[in-house]
Each structure stands twice: as structure tokens, then as C-alpha cells.
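Residues 1 to 401 (the numbering used here) make up the sequence shown, in order. Data block below; observations after.
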Amino acid sequence: MDYVYAPGKNHLFVPGPVNIPEPVLRAMNRNNEDYRSPAVPALTKTLLEDVKKIFKSTTGTTFLIPTTGTGAWESALTNTLSPGDRIVSFLIGQFSLLWIDQQQRLNFNVDVVESDWGQGANLDVLESKLATDGGHTIKAICIVHNETATGVTNDLSKVRFLLDKYKHPALLLVDGVSSICALDFRMDEWGVDVALTGSQKALSLPTGLGIICASPKALEASKTSKSVKVFFDWKDYLKFYNLGTYWPYTPSIQLLYGLRAALDLLFEEGLDNVIARHSRLGKATRLAVEAWGLKNCTQKEEWFSDTVTAVLVPSYIDSAEIVRRAWKRYNLSLGLGLNKVAGKVFRIGHLGNLNELQLLGCLAGVEMVLKDVGYPVKLGSGVAAASAYLQNNIPLIPSRI
Ligand code: PLP
Numbered sequence: 001m002d003y004v005y006a007p008g009k010n011h012l013f014v015p016g017p018v019n020i021p022e023p024v025l026r027a028m029n030r031n032n033e034d035y036r037s038p039a040v041p042a043l044t045k046t047l048l049e050d051v052k053k054i055f056k057s058t059t060g061t062t063f064l065i066p067t068t069g070t071g072a073w074e075s076a077l078t079n080t081l082s083p084g085d086r087i088v089s090f091l092i093g094q095f096s097l098l099w100i101d102q103q104q105r106l107n108f109n110v111d112v113v114e115s116d117w118g119q120g121a122n123l124d125v126l127e128s129k130l131a132t133d134g135g136h137t138i139k140a141i142c143i144v145h146n147e148t149a150t151g152v153t154n155d156l157s158k159v160r161f162l163l164d165k166y167k168h169p170a171l172l173l174v175d176g177v178s179s180i181c182a183l184d185f186r187m188d189e190w191g192v193d194v195a196l197t198g199s200q201k202a203l204s205l206p207t208g209l210g211i212i213c214a215s216p217k218a219l220e221a222s223k224t225s226k227s228v229k230v231f232f233d234w235k236d237y238l239k240f241y242n243l244g245t246y247w248p249y250t251p252s253i254q255l256l257y258g259l260r261a262a263l264d265l266l267f268e269e270g271l272d273n274v275i276a277r278h279s280r281l282g283k284a285t286r287l288a289v290e291a292w293g294l295k296n297c298t299q300k301e302e303w304f305s306d307t308v309t310a311v312l313v314p315s316y317i318d319s320a321e322i323v324r325r326a327w328k329r330y331n332l333s334l335g336l337g338l339n340k341v342a343g344k345v346f347r348i349g350h351l352g353n354l355n356e357l358q359l360l361g362c363l364a365g366v367e368m369v370l371k372d373v374g375y376p377v378k379l380g381s382g383v384a385a386a387s388a389y390l391q392n393n394i395p396l397i398p399s400r401i
């Protein structure tokens, strides 16, 4: 039973945690078991191998750590870098801000490149820093692939292009928390050194697993990194990988079975189809926003995110009131505006195990809330724009052809 009951299903449209599919819920509904029996290592082995596919990596080493995205950040930083190392980090919204705060508290020398919230990472500034760093003082570039607070997606291939152009050896550390399993992500092709995500995002699992992929270069760097780490130390994991038992501490058995089921569903749909579905959901949402006469917080099309849309509201409306009313009146959960954009934007998360008709329900709900708070929206306008696009673009369901 819900802690605060409402009839019917909650329309969960925050950009994580997201809806968990029924087969995954069922797969996790099981007893504990001895993780030192042969069964759990055998399961773990398949997971470590298969999870590489969501990063599009064949050369990476994967870690499944009982933590959240924040812990995965810490694991990426402390295993590859040493205190005092210079890193270039882009500040474009609340999650990049939090990562930078963590980098500073871990005593790295953070060279912050700031943009307006609603813009992507400023790669011109990166280029000038790389061009003038002949001595290779920059040890890593840290970038959030998809800034969940503003709905901005950065082009990682351009970052790789610049690193290659200046033959710069800096590590490329990427937060893929709201992109991996939803947006095009190519770890090996883009020369990403550490990529990470959290289970409650597009993988559509409960919170609790930090999923990390490290390139051979990142693993090499981990041999000499001097940052203090204990719980997150990759060496402990690697030791147990070599022993074939896999776990330096107790894993969450249920989450592992859930991950197995989640990966099976993703592979059944096909990763490229999953990405195409997110692209339709993103486009349909943006068409609705346009039909309502509202603006996207993301300032240029090249940064539009297919996993989350941050919608700017007129100054006479408090966007937090939209989120409150959506939940209280329509059982619809939308994302709040965070920090600098608090009160100014509300967010529609459209990632994970979600289909087009669910999205139309959300858009209908948003229209009613907009009317509730005094915005002159024509009911049905956004739904009409989105459904006209979707009706022309939804393919047959891949597993039902
Ligand atoms: N990075 C991004 C892009 C996020 O959206 C989030 C959470 O929403 C985080 C990191 C932090 O993840 P967690 O809350 O799982 O620690």
C-alpha cells in the first residue's frame, strides 16, 4: 500500500527514480541466498560481462558497487586520481555542481568551466585550456553527459575530438547517470575512461547499484592513484574477480537478480530501439511544450535531452506549485526545479521503462495543472501535438513483429 494512498497508478515522471517493470519486480521478489555458493558468482560473471554492452564497451572492466550515482562518482575519482591533481570540470547545472563539490572536497585542484544553466559544456574554453597545456598538467576532464537539472546533453564525441587534436593524455571521466541505457553512449569509440550510472535511472531498477565501466587506461591509472579509498577500492574488487568469487563484501542478491532481468528486457527490445524510443519520447514532449507556448530551459537544439525536459514557466507562476498540485490532484509526479532554477522550471522525466501512451497521460496531466495555476493553456493542445508526431513515428513493438 502507498504510504499516502491514491487510487490507480502513480504517474511517475521524475527523471529518476523511474518505473520498475513487472518482470524485474518479480525477479527481485526472492529470498536471500549464500553469496559464497557457486550460484551468485556465476550470476555475477554474466552481469559483469553483459553490463559492458550498455556502455558499448568491449575493452572495459565493470564494477557493480552497492551505492548510488554519488558513490559511483567517488569511485571514479578516487581510483584514478591523486589529491592535488588538476581536473577540468564543467558546471552547467545542479548535478555537475554537486560533482564539482565532491571533487573539491576530495582535494583535487578543480578548474571549473561554468556556463549558464540551460547551456552545454563550454568546449571552446576546454580547447583553449588543452591548447596551452603542453606540460599535461590536466589529469582528467570530468563531464556530465546529461545534466538532469536542466535537460542538457553534452556531445562527448567533441570532447574526444579535442583531446585527440591536442594529443592530450587526460583521462575522460563521464557521469552517464541520466543517459546510459537511454541515450546514444559509446564508451570505446569516444575514448571514455570511466563511465558510470546508477540503477534507478534508465536501467529501471531500485536505487542501490553504482554501475561503472573503466577503460584499460583508467585501470592502469588506478595502480598509482594516491587518493584514500577503502569501500570503493577497485583493487579489492579485482582481487575477488581473480579468485572467481567476485564480491569483497555482501552484495544485494535481489538487485543482482533484478539487474539480470533488466538487462534481459533491454536486450530483448534492442539497445538501439531503446535509444530510438527515448528519442521519440523526448521529441513528443518538446512538441507539447511548444504547443503550450512555453519554453524549454535548454537554450539550443543541439543540447536537447531525450531523457528529461525542463520547462520554463512564466514569472507569475511558481513551478513548485505545479509539482505540488500535479501530485495532490492528479497523482502525477513531476520533477522540481533545483537550486538556481528552483521555482522557474518543472521537469518531465521521460526515461526508463516507459511508453508513448504513458507519456500522453503525463502530458494531459500537465495541461490540467497548468490551467489550475492560471496559465492560459488550451487543454489538449500539447497532447495533440505529441500524438500527431507519435502516430506517425511509433514503429511496431520490436518483440511483437
Ligand atoms: N548525476 C546525475 C546526472 C544525476 O541526475 C544524479 C541524480 O539524479 C546524480 C548524479 C546523483 O545520483 P544519486 O542520487 O544516485 O547519488
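Using N, Cα and C, we set each Cβ at its ideal position, and we do this for glycine too. No experiment lies behind these values; they were computed from the predicted model shown.
Asked	Found
Does at least one heavy atom of ligand 1 sit under 7 Å from the Cβ of Phe95?	yes
Where DSSP assigns a beta bridge to Lys295, which residues make up the other side?	Leu312
With Gly365 as the anchor, note down where its alpha helix (DSSP H) starts and where it stops.	356 to 372
Under 6 Å Cβ to Cβ from Glu302, same chain only, skipping five residues before and after it: list those, please.	none
Heavy atom of ligand 1 less than 7 Å from the Cβ of Thr70, yes or no?	yes
By how many angstroms is the C-alpha of Leu81 removed from the C-alpha of Asp155?	24 Å
For the beta strand (DSSP E) that Thr61 lies in, which residues bound it at each end?	61 to 66
Which full runs of the beta strand (DSSP E) of 3+ residues lie inside the segment 40 to 125, going along the chain?	61 to 66, 86 to 91, 109 to 114
With DSSP run on the structure shown, which of helix, strand or coil describes Ser333?	strand
Could you spell out where the alpha helix (DSSP H) holding Val383 opens and where it closes?	381 to 393
Between Ser225, Asn331, Ile20, which lies nearest to Ala6 when the distance is taken from Cα to Cα?	Asn331
Here's the rule: buried if 16 or more other CB atoms are within 10 angstroms of the residue's CB, otherwise exposed. What is Val174?	buried
State the Cα-Cα distance for the pair Leu209 and Pro66, rounded to the nearest angstrom.	5 Å
Return the residue from the list Gly380, Ala342, Cys362, Gly374 that minimises the CA-CA distance to Lys9.	Cys362
Check whether the segment 139 to 151 and the segment 115 to 127 touch, using three or more Cβ-Cβ pairs below 8 Å as the test.	yes
Which runs of the alpha helix (DSSP H) fall wholly inside the segment 150 to 186 and span at least 4 residues, in chain order?	156 to 165
Would you call the CB atoms of Trp292 and Ser215 closer than 8 Å?	no
Taking a contact to mean a Cβ-Cβ separation below 8 Å, would you say Asn122 touches Val112 in this structure?	no
Would you decide whether Lys167 is buried or exposed? Buried here means 16 or more other CB atoms lie within 10 Å of its CB.	exposed
Which value, in whole angstroms, describes the spacing of the CA atoms of Phe63 and Lys217?	15 Å
Near Phe55, what residues of its chain come up, given a Cβ to Cβ distance below 7 Å and the 5 sequence neighbours on each side ignored?	Ile180, Phe185, Met187, Ala195, Cys213
From Pro248 to Asp193, what distance separates their C-alpha atoms?	23 Å
CA-CA distance, Thr148 and Pro41?	34 Å
Between the alpha carbons of Thr44 and Ala72, how many angstroms are there, rounded?	18 Å
Considering only DSSP beta bridges, list what Ile20 is partnered with.	The partner list for Ile20 (beta bridge, DSSP) is empty, contrary to what the question assumes.
Are there three or more Cβ pairs, one per stretch, closer than 8 Å when the segment 21 to 32 is compared with the segment 247 to 262?	yes
For ligand 1, any of its heavy atoms closer than 7 Å to the Cβ of Asp175?	yes
Do Val51 and Ile253 have their beta-carbon atoms positioned less than 8 Å apart in this structure?	no
In chain order, what residues of the same chain have a beta carbon less than 6 Å from the beta carbon of Leu379, not counting five sequence neighbours either side?	Glu367
Give me, in chain order, the residues of the same chain whose beta-carbon lies closer than 6 Å to that of Thr150; leave out the 5 immediate sequence neighbours on both sides.	Gly93, Trp117, Gly118, Cys297, Ala310
For a test of the three-state rule: what should DSSP assign to Arg286, helix, strand or coil?	helix
Would you mind sorting Ala221 into buried or exposed? The rule is 16 or more other CB atoms within 10 Å of its CB.	buried
Assuming contact is defined by CB atoms lying nearer than 8 Å, are Gly306 and Ala384 in contact in what I supplied?	The displayed chain sequence assigns Asp, not Gly, to residue 306. No, Cβ-Cβ distance for Asp306 and Ala384 is not below 8 Å.
Can you give the beta carbon distance from Arg325 to Val369, rounded, assuming they're within the 8 Å contact cut?	5 Å
Using a threshold of 8 Å, state whether the C-beta atoms of Phe346 and Val373 are closer than that.	no
Name, in chain order, the residues that DSSP records as bridge partners for Phe346.	Val311
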